[in-house]
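Structure record follows, encoded as structure tokens.
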Amino acid sequence: LYHENVIDHYNNPRNVGSFDKNDPSVGTGLVGAPACGDVMKLQIKIDEESGKIVDACFKTFGCGSAIASSSVATEWVKGKSMDEVLTIKNTEIAKHLSLPPVKLHCSMLAEDAIKAAVKDVELKRTKLKGNSSADAANAPIEKAADA
1 LYHENVIDHY NNPRNVGSFD KNDPSVGTGL VGAPACGDVM KLQIKIDEES
51 GKIVDACFKT FGCGSAIASS SVATEWVKGK SMDEVLTIKN TEIAKHLSLP
101 PVKLHCSMLA EDAIKAAVKD VELKRTKLKG NSSADAANAP IEKAADA
């Protein structure tokens, strides 16, 4: 029997959908569990000014526990910094949903997806910063007139 939190998030999943994965402010984490075939895509959208996660969404192909874990994860990451969300542990998600031991891998997918999404957006930001400094290095240099 599923806990009421699992049933709630399964019947009324929060934040189902997708963002444009090419958007530099979007991080995408795509993870899977070979043992059961569950696949989870979790995306975060970062506010460039504050560095906080302003939105999150997911698409999960899997059991009710995997869908509920994804839904909870998207709720928990909103409003937090990337460093803060990296402290979210699968055990906290599992406890919130009262997942049985046989379903702990579902909450692990959610933790892994959060980490992968953060890594993805950090890589994009690093590349953007790298490009802007490269552009600056290639810009024409103004020379001061001889006085």
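In full-length UniProt numbering, the protein residues as written are 1 to 147. Each residue gets a CB set at the ideal place from its N, CA and C atoms; glycine is no exception. It should be emphasised that the depicted structure is a prediction, and the values quoted were computed from it without experimental measurement.
- Considering only Trp76, Val72, Asn22, the residue with the shortest C-alpha distance to cysteine 106 is Val72.
- In the displayed model, aspartate 47 falls within coil according to three-state DSSP, outside both helix and strand.
- Your pair lysine 115 and leucine 97 does not check out as a contact, with CB atoms roughly 19 Å apart and the cut at 8 Å.
- In the structure shown, glycine 27 adopts extended strand secondary structure according to DSSP, grouped into three states.
- Two segments are said to touch when three or more pairs of C-beta atoms, one from each, lie closer than 8 Å; by this definition the stretch 47–58 does not touch the stretch 87–95.
- Relative to the Cα of proline 13, the nearest Cα in the group Phe61, Ser70, Lys124, Asp23 belongs to Ser70.
- 8 Å or more divides the Cβ of tyrosine 10 from the Cβ of glycine 62.
- It is roughly 33 Å from the alpha-carbon of proline 100 to the alpha-carbon of isoleucine 46.
- Leucine 123 sits exposed, since fewer than 16 C-beta atoms from the chains shown fall within 10 Å of its C-beta.
- Rounded to the nearest whole angstrom, the C-alpha separation of glutamate 4 and alanine 94 is 13 Å.
- Of Lys103, Asp20, Asp23, Lys59, the smallest CA-CA separation from leucine 30 is found for Lys59.
- For lysine 80, there is no enclosing beta strand (DSSP E), as DSSP marks it with neither H nor E.
- Contact annotation: proline 24 and leucine 128 have beta-carbon atoms nearer than 8 Å.
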